[in-house]
Amino acid sequence: MTIDFTAMYASHDAFRRDLERLARAVAAGRADAPGVRAGWENFTRQLHIHHTAEDGELWPRVRNRVAGRPRDLALLDEMEAEHSRIDPLLAAVDTALTGRAPELPDLVAALRATLDDHLKHEEDGALPLMQDVLTAADWAAFTGRMRQTQGLRGASVFVPWIVDGAPPADRAAFLNAVPPPVRILNRLLWQGSYRRRGLWAEA
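Just so we're aligned, residue 9 is where the sequence shown starts under the numbering used here, counting upward by one.
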């Protein structure tokens, strides 16, 4: 089986993009703008859903496939440990945003570096391992968990959020990977609703 990781890479790019937007807002002294706060809240929700599905549905299935392979099991331990290091940084940034704390720029920089290191580690190590060992049913269980958690209401934000500001080729690749009804809903309804939310607007 060849797993299509288009949505996984697109999600990673969206996480990186949002933290870049947060860093710009903080540097400009506009981190307390309603749009920035709304963008941050959506970012943390999307990351929580993503990591919870990995921890609960994906990594256990990979573990089952690599039992008795210490090197691969160690990689999965690293994935889970990296998740646990990200959570306190999310909480610290959230607290600093609320209180306009002076350490906010340093906390955002630490979160960006930690999350980017994790995403790159996952892309370079865990995704090739998944491609090697997972079955179609394994991958369908993970993506199904994501869809169930998001629901239709969540999907109406997730899909336009993913492609927000994406290069045209990346946007097309992601939208071509989703079912046609989703593309239609996104074009006719979800994109406009998402834009009106003003996520990351600094004014």
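Don't be surprised by glycine CBs; every beta carbon is placed ideally from N, CA and C.
When only Cα atoms are considered, R24 and N72 end up about 30 Å apart. In the three-state reduction of the DSSP assignment, R77 falls in the coil class. Per DSSP, R38 lies in no alpha helix (DSSP H) and is assigned neither H nor E. Taking a contact to require three or more Cβ pairs closer than 8 Å, the stretch 95-115 and the stretch 44-63 qualify as touching. Taken through DSSP and simplified to helix, strand or coil, G173 comes out as coil.
Within a 10 Å sphere around the beta-carbon of N184 sit fewer than 16 other beta-carbons, which makes this residue exposed. For the 8 Å CB-CB criterion, M87 and E130 form a contact. For F13 and L84, the gap between their C-alpha atoms comes out near 18 Å. In this structure, the CA atom of R120 is about 21 Å from the CA atom of P175.
Comparing alpha carbon positions, the residue from I94, I170, E65, A75 closest to L123 is I94. DSSP, read as helix, strand or coil, puts F13 in coil. Ranked by Cα distance from H58, the first of A15, V70, A82, G37 is A15. The Cβ atoms of W169 and V44 lie no closer than 8 Å to each other. Membership of A117 in the alpha helix (DSSP H) is indicated by the continuous run 112-129.
In the structure shown, the three-state DSSP call for R93 is helix.
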